[in-house]
Every structure is written in structure tokens, then in C-alpha cells.
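K.L.:
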Amino acid sequence: MQSIQVDNISKRFGSLEVLKNVTIDLKQGEFAAIVGPSGCGKSTVLRMIAGLDTPTEGHVTANQKPIKDPDPSRVLIFQEHALYPWRTVEKNVGFGLELAGVPKQKRKEKVGELLEKVGLGGFQTYYPHQLSGGMRQRASIARALAMEPEVLLLDEPFGALDAITKITMQNELLRLWEGSGKTVLLITHDIDEAIYLADTIHVMSPRPGQIVETVRSTIPRPRNRNGADFVQVREKI
Ligand code: ADP
Ligand code: MG
């Protein structure tokens with residue numbers, strides 16, 4: 058399991074100063090969030106933790122070791138859940154396992170378990186276009202979980218979902234995370250979502266991107282805003 062240190066990093070793209078002196082400590086097993094307006098550099102921070110980019114100054118480390126390249130122990134989930142449209146759900150979710158040389162039968166079993174876990178049991182043979190946005194998002198989460206990541210990096214994963222699917226997915230994420238020891242960093246521009254899900258919230262301001270405040274959510278755990286109740290309340294109105 059991993060703790061992550063973003064240690065006083067700055068990032069420039071040519072003359073554009075995107076991040077300045079950003080420090081974020083993620084304890085092992087912590088659920089943290091970054092909130093801030095569009096363009097303030099949130100995705101850039103996440104890409105560095107994912108090993109997809111490097112800071113101009115400062116260091117990004119996992120368990121005190123520099124992060125240089127992408128590693129299957131740290132997965133990044135995007136808002137546009139980038140499933141392969143020509144592959145079935147089973148083939149999409151099992152893709153990483155296939156690359157890792159996991160034999161077919163074992164893959165099938167594992168994918169089946171993961172789909173159950175994210176509420177997509179029985180959807181193995183469906184293609185992405187046959188699923189709703191929420192279901193595609195679940196499939197991409199299942200695909201990420203297939204690699205048994207220690208760190209989950211979520212880049213506005215619920216942005217495109219309708220309100221009810223969003224609440225259901227948020228609760229599913231909490232259930233997957235509770236007691237798993239996984240370190241989660243969620244990016245959102247929705248402050249309510251950050252406070253509901255995360256224990257620690259880092260607030261960023263733009264031009265250049267800086268952490269202006271780090272706050273703690275005081276909502277007790279476990280948290281479960283019940284999606285089903287929400288639907289019922291809506292129907293009563
Ligand atoms: P956020 O995720 O908070 O919306 P980003 O991290 O995507 O912000 O981007 C922050 C700033 O960095 C933006 O102004 C964006 O245009 C710029 N930027 C991001 N990646 C690159 C890149 N590869 N080359 C040049 N500019 C970039
Ligand atoms: Mg972004």
C-alpha cells in the first residue's frame with residue numbers, strides 16, 4: 058500500500074506557469090480530494106502522480122520513491138471513461154489482465170467478480186454503446202480495479218452523470234474504498250461532493266495553480282447517502 062507525496066512542485070508549459078509550489082501529502086488509505094475551478098491545474102497534478110508527466114521543479118514520490126513512469130499499482134480514471142467501443146464489457150474490463158498474461162478462464166472469473174462488485178453482473182457480452190453513461194463509468198471502474206491498484210486517481214469521474222446515478226456511484230465508490238487500504242485522490246469542482254466523499258480537501262486557486270487551503274470533512278463515517286431513498290423522495294413529490 059502506498060502513501061504519496063507531492064513535494065513543493067512547480068510546472069511550466071513553455072512560458073505558462075501552471076502550478077506553483079504545490080504540496081500534497083496523501084497518507085496510505087486516505088480519501089482526499091482536490092477542488093478548484095477549471096484550468097487551475099488539477100488534472101496536471103493527477104497526471105504527475107500517475108507518472109504521465111513530470112514536474113518542472115520539486116518531486117512526486119510514492120512511499121518515498123520517485124514516481125517516474127506509469128505503474129499498474131496507481132490507476133487514473135477519467136471522466137470520459139475511454140472504453141474500447143469494439144470490445145465487449147468483458148473484454149474491456151479484462152484488457153489489463155490480458156496484457157499481463159492472465160489465462161482466459163482465470164480472467165473470465167475475475168472479470169465476473171468485478172462486474173458483480175460494480176453492479177454490472179450479467180453485462181459481459183454488451184458493447185459500450187449498449188450501456189448508459191453510468192454503466193460505462195462502472196465498467197471503467199471495474200477495469201481499473203482489475204489491476205488491483207493501491208492508489209486510485211479519479212479525474213472528475215461523476216461529472217457527466219445524472220444526479221441519481223451520481224449518488225449511487227459515489228456510494229459504490231465509498232463501499233469499494235472502506236477498509237480496502239487504498240489511497241484515493243478525487244478531483245472535482247463540486248465542493249459538496251468533495252466534502253461528502255473525502256476526509257481531506259485541498260482547495261486550489263488558478264494562475265498559477267496553488268493550494269490555498271487544506272480542510273478536513275467533519276461528516277462521520279461510514280457515509281451513505283442512500284440513492285434508493287433519494288428516488289423514493291422524488292417520486293413522492
Ligand atoms: P484542470 O484540470 O484544473 O481544469 P489542467 O491541469 O487540465 O486544469 O490544466 C491547467 C492549465 O495547464 C491549463 O491552462 C491548460 O491549458 C494547461 N495545460 C495542461 N496541459 C498542457 C500541456 N500539455 N501543454 C500546454 N498547456 C497545458
Ligand atoms: Mg481537469
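With the numbering used here applied, the sequence shown covers 58 to 294. Note that beta-carbon positions come from the ideal geometry of N, C-alpha and C, so glycine has one too. None of these values were measured; they are calculated from a predicted model.
Got a sec, what are the start and stop residues for the alpha helix (DSSP H) A119 sits in?
P.N.:
Careful: A119 lies outside any alpha helix (DSSP H), inside the beta strand (DSSP E) at E114 to A119.
K.L.:
Would the beta-carbon of D212 be found less than 7 Å away from any heavy atom of the ligand MG?
P.N.:
Correct: D212 has its Cβ closer than 7 Å to the ligand MG.
K.L.:
Please determine, among Q59, Q181 and E235, the residue with the shortest C-alpha to C-alpha distance to K122.
P.N.:
For the residues Q59, Q181 and E235, the minimum Cα distance to K122 belongs to Q59.
K.L.:
Could you tell me the boundaries of the beta strand (DSSP E) in which E87 lies?
P.N.:
E87 -> no beta strand (DSSP E), and no H or E assigned at all.
K.L.:
Which residue marks the beginning of the alpha helix (DSSP H) containing T222, and which one marks its end?
P.N.:
Per DSSP, T222 belongs to the alpha helix (DSSP H) from A220 to W234.
K.L.:
Quick one: grab the DSSP three-state call for V150.
P.N.:
Residue state, collapsed to three classes: helix.
K.L.:
Between F152, G266 and L103, which has its C-alpha nearest W143's C-alpha?
P.N.:
Answer by Cα proximity: F152.
K.L.:
With I244 and L211 assumed to form a contact (beta carbons below 8 Å), what rounded beta-carbon distance in angstroms separates them?
P.N.:
That belief holds up - the Cβ atoms of I244 and L211 are roughly 7 Å apart, short of 8 Å.
K.L.:
For L211, which of helix, strand or coil comes out of DSSP?
P.N.:
The answer is strand: DSSP assigns L211 an E or B state.
K.L.:
Out of V168, L254, D64 and K99, which one is the CA nearest neighbour of M204?
P.N.:
Closest by alpha carbon: V168.
K.L.:
With 16 as the cutoff for other CB atoms within 10 Å, does I294 come out buried or exposed?
P.N.:
For I294, the predicted model reports a pLDDT of 46, less than 50, meaning its position is unreliable; a value from the coordinates is still stated below. The residue in question, I294, is exposed, as its Cβ has fewer than 16 Cβ neighbours within 10 Å.
K.L.:
So, are the CB atoms of M226 and I91 less than 8 Å apart?
P.N.:
No, these two residues do not count as a Cβ contact at 8 Å.
K.L.:
Counting along the chain, where does the beta strand (DSSP E) carrying T257 start and finish?
P.N.:
Start and end: T257 to S262.
K.L.:
So the alpha helix (DSSP H) I252 belongs to, where does it begin and stop?
P.N.:
First-last of the alpha helix (DSSP H) with I252: I248 to L254.
K.L.:
Hey, would you say V75 sits closer than 8 Å to T101, going by beta carbons?
P.N.:
For V75 and T101, yes; Cβs fall inside 8 Å.
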